[in-house]
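Numbering (the UniProt record's numbering), first residue to last: 1 to 411.
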């Protein structure tokens with residue numbers, strides 16, 4: 001028996017010789033392995049040049065040894081049991097242990113062969129960008145990986161599977177990097193470049209409408225969020241993702257946007273948000289997107305229907321006025337609790353305790369409140385007046401009718 005280490009701590013292990021076949025074994029915690037006599041000699045310590053499994057961890061000159069001798073007498077020594085001599089219940093236990101070890105080994109091998117990568121999806125019902133971890137075996141085909149992502153995103157019964165595909169995506173820049181054309185039968189390991197602890201990119205589960213077709217995305221393109229502006233309603237619609245090429249001209253990109261969004265391209269006005277609050281009117285149809293400042297990810301606003309407003313200078317147009325107001329707008333979302341939560345509120349407001357710096361309000365309706373002037377929100381009174389213009393404020397009744405009790409902070 002050997003103690004490697006010092007008086008302050010160390011590790012015990014033992015060498016035991018089998019008299020059945022004169023083979024030495026090393027018993028090290030739960031591990032038992034056969035060793036040669038030379039390996040035992042290397043633990044003796046002594047001079048330099050000695051090496052071995054434990055020599056690298058502990059200096060052999062500090063090892064402590066305890067030698068135990070056994071008297072060999074074939075008439076009195078009991079031979080060690082072999083598996084064939086085990087009782088049946090021990091044999092059954094050994095078999096179950098071996099099966100469990102083999103199952104664990106196979107599971108570890110499977111886990112080591114899995115690709116783990118983030119996958120994103122703009123859920124059509126929840127209207128949010130969902131993020132999940134996709135775990136698939138490296139030999140799984142791209143089509144099978146798409147089916148797995150389709151299920152974990154909860155899209156069954158929402159959109160058809162054939163309307164979904166996986167594309168390479170950069171979440172930080174919100175950019176579509178490239179699509180995997182004609183790779184449905186390739187393994188996900190080949191597409192991702194093997195099993196890695198981390199990847200330099202993510203995946204996006206892209207969804208198309210049934211009447212649309214997927215467009216090929218070549219590396220080095222530009223991802224554009226296109227917002228449609230209605231001058232009549234003074235409203236800006238939701239974003240549509242359009243993938244273009246930096247080598248395209250503005251005119252070619254307008255045609256692509258018009259085709260994808262179903263808009264007329266003849267009188268289309270397009271504005272690029274180059275930086276925060278920097279609106280740049282794309283007036284030269286012959287210039288390329290790269291020369292106009294398009295990067296990896298961009299935001300563009302388009303308007304197609306007001307010919308009279310299009311004749312004005314951009315800075316003097318109603319189009320610019322709506323965009324400028326949009327740039328300086330804060331949107332406050334106020335959620336409605338369930339009727340059960342509201343029913344529990346029975347005591348008057350005066351008996352309630354509110355956090356310092358907050359305004360208690362009972363709102364009979366909620367929605368999207370827009371504040372176009374940031375300076376209006378400096379005090380509680382102004383905020384309360386602003387909310388009062390947009391909401392019906394009342395005190396709680398015994399039987400509340402679809403009321404909420406938000407606590408709004410002015411900080």
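Where a beta carbon is used, it is the ideal one built from N, C-alpha and C, also for glycine.
Check                                                                                                                                   : Outcome
Residue 275 versus residue 138 - alpha carbon distance                                                                                  : 41 angstroms
Start and end residues, beta strand (DSSP E) containing residue 464                                                                     : Limits of the chain in this structure are 1 at one end and 411 at the other, which puts residue 464 out of reach.
For residue 288, the residue or residues it bridges with in DSSP                                                                        : 249
C-beta atoms of residue 132 and residue 110 nearer than 8 angstroms                                                                     : no
Endpoints, the alpha helix (DSSP H) within which residue 222 is located                                                                 : Here residue 222 belongs to no alpha helix (DSSP H); instead the beta strand (DSSP E) covers 222-230.
Coarse secondary structure for residue 65, derived from DSSP in three states                                                            : strand
Outcome for residue 292 when other beta-carbon atoms lying within 10 angstroms are tallied against a minimum of 16                      : buried
Opposing strand residues paired with residue 28 [DSSP bridges]                                                                          : 31
Neighbourhood of residue 40 by C-beta, 8 angstroms cutoff - its chain only, sequence neighbours within 5 removed                        : 15 and 24
Chain-order list of residues whose beta-carbon lies under 6 angstroms from that of residue 1 (same chain, five-residue window excluded) : 14 and 66
CB contact flag (residue 201, residue 169, <8 angstroms)                                                                                : yes
Delimiting residues of the alpha helix (DSSP H) encompassing residue 150                                                                : 142-152
Rounded straight-line distance, which links the Cα of residue 339 to that of residue 348                                                : Any reading at residue 348 must be qualified, since the residue scores a pLDDT of 46, below 50, and its modelled position is unreliable; no value is offered.
Completely contained beta strand (DSSP E) runs for the region 189-219, where each covers 3 or more residues                             : 202-207
Residue 339, enclosing alpha helix (DSSP H) - first and last residue                                                                    : 339-343
Close Cβ partners of residue 290 (< 6 angstroms) along its chain, the five nearest in sequence each way excluded                        : 246
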